[in-house]
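Since the structure comes first, as structure tokens, the remarks are kept for the end.
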Amino acid sequence: MTSDSIRGSSDRSILILTSLADWPKHGYALIKDIEGFAGVKLGAGTLYSALAKLEQAGFVEALPAEERRRPYQITAAGREFLYQRLTESARIAEVGLRRIAVASS
Amino acid sequence: MNRHLVRLLLMLYPRPWRNRYGTEVVRLTQDLILAGETTPARGALNMMGAALAERGRALAYSSRTAVAMVVAALLAVAGSFYASGHGRPPQPPSAASAARLPAKLTSCVVWPQAIGGVAVQARAKIAVPAGVKIAVPAGVKIAVPARATAPKPVPVTDILVPVTVIVPDRPGPAKVATLKPARFMCTVAAPERGRRTLILPSP
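Chains as they are written, first to last, in the working numbering: chain W, 16 to 120; chain H, 107 to 309.
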């Protein structure tokens with residue numbers, strides 16, 4: 016599992032990393048948080064498929080379970096990967112928005 | 107979801123994945139159902155879809171190296187199909203040799219072979235006119251697995267391999283004067299997508 020395979024996967028990985036960017040969360044908290052900031056409602060199976068890929072890539076890591084739930088936290092590599100992806104997306108968004116503005120003016 | 111259904115759903119996942127994440131995904135599904143965030147049917151469907159995706163991913167991941175072998179083997183086989191007559195080297199194509207002989211890829215299968223995981227090797231059979239000789243170019247190695255170790259052929263993953271086959275414009279070892287390439291595409295489809303090995307003839 017490499018950065019490329021994460022890059023090639025859907026945006027779920029980015030949503031999860033974004034959700035974990037501030038502090039660790041368990042599955043249920045991840046789903047609610049992602050639904051809150053992105054309007055995307057992930058299922059449990061979908062979430063853990065993406066989490067498994069991220070963990071294999073070394074972008075997230077599991078923390079000791081609290082009661083019944085196991086929280087996950089973003090790693091330094093995951094934070095760097097997220098930063099690069101978001102920067103790239105922001106640059107593309109900026110170009111796109113600027114061209115839309117020019118075309119419509 | 108009842109216990110039997112949960113167990114059934116978990117069985118759909120690859121064992122390593124199930125051992126690592128099975129408990130967590132079941133608990134989360136049950137939490138979502140209890141919180142009214144999803145229904146048992148939707149939860150089960152989501153788990154089922156994710157399990158199938160994991161199965162496919164595990165298969166694709168383990169066969170990634172093997173896919174390279176498939177491509178290499180097919181290209182090696184294809185590259186070896188050039189004609190030679192009585193020791194004469196193949197001649198370059200000429201405008202006079204425009205006729206293309208009928209030749210088609212008769213089969214192209216891949217099968218898993220357990221060598222420290224799932225590996226895939228390929229075998230391609232190409233029907234060529236009588237008189238065409240197969241020569242392996244220098245530096246090209248064709249690995250053909252032994253029949254005894256190869257299980258029943260199984261389509262493993264999506265592979266689109268362009269195979270260039272060169273056949274002489276006229277059959278017969280003594281008549282080979284020019285070469286003309288023909289192109290084949292060999293598509294091997296994933297079994298879960300309900301497709302089988304597909305052979306496309308030469309254009």
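Beta carbons are placed, not taken as given, at the ideal position from N, Cα and C, and that holds for glycine.
DSSP-derived helix/strand/coil call for residue i
i, result
"Y127 of chain H", "helix"
"E81 of chain W", "strand"
"Y119 of chain H", "coil"
"V55 of chain W", "coil"
"E143 of chain H", "coil"
8 angstroms Cβ cutoff, residue i in contact with chain W
i, result
"G149 of chain H", "yes"
"G155 of chain H", "yes"
"T144 of chain H", "yes"
"R133 of chain H", "yes"
"A166 of chain H", "no"
Residue i versus residue j - alpha carbon distance
i, j, result
"L116 of chain H", "R124 of chain H", "6 angstroms"
"L32 of chain W", "R121 of chain H", "26 angstroms"
"Y127 of chain H", "S104 of chain W", "31 angstroms"
"R113 of chain W", "L101 of chain W", "18 angstroms"
"S64 of chain W", "V131 of chain H", "9 angstroms"
"G93 of chain W", "L69 of chain W", "8 angstroms"
"P86 of chain W", "I49 of chain W", "15 angstroms"
"A80 of chain W", "T129 of chain H", "12 angstroms"
"S28 of chain W", "L45 of chain W", "12 angstroms"
"M107 of chain H", "E109 of chain W", "46 angstroms"
"S120 of chain W", "R161 of chain H", "51 angstroms"
"A118 of chain W", "D26 of chain W", "28 angstroms"
"A53 of chain W", "G111 of chain W", "20 angstroms"
"W38 of chain W", "Q88 of chain W", "7 angstroms"
"A166 of chain H", "R148 of chain H", "27 angstroms"
"N152 of chain H", "A116 of chain W", "40 angstroms"
"V112 of chain H", "A36 of chain W", "32 angstroms"
"A59 of chain W", "L78 of chain W", "18 angstroms"
Cut-off 8 angstroms between Cβ atoms - residues of its own chain near residue i, not counting five sequence neighbours on either side
i, result
"T90 of chain W", "G73, F74, V75 and E76"
6 angstroms CB neighbourhood of residue i in its chain, flanking five on each side removed
i, result
"R84 of chain W", "H41"
"Y119 of chain H", "A157 and E160"
"H110 of chain H", "none"
is_contact[residue i, chain H] using C-beta, thresh 8 angstroms
i, result
"T61 of chain W", "yes"
"R83 of chain W", "yes"
"A3 of chain W", "One cannot answer for residue 3 of chain W here, as it falls past the ends of chain W, which runs 16 to 120."
Neighbourhood of residue i by C-beta, 7 angstroms cutoff - its chain only, sequence neighbours within 5 removed
i, result
"M154 of chain H", "L115 and L118"
"L30 of chain W", "I49, A53 and V55"
"P146 of chain H", "M107 and I139"
According to DSSP, residues forming a beta bridge with residue i
i, result
"K68 of chain W", "Answer is none; K68 of chain W lacks a bridge partner."
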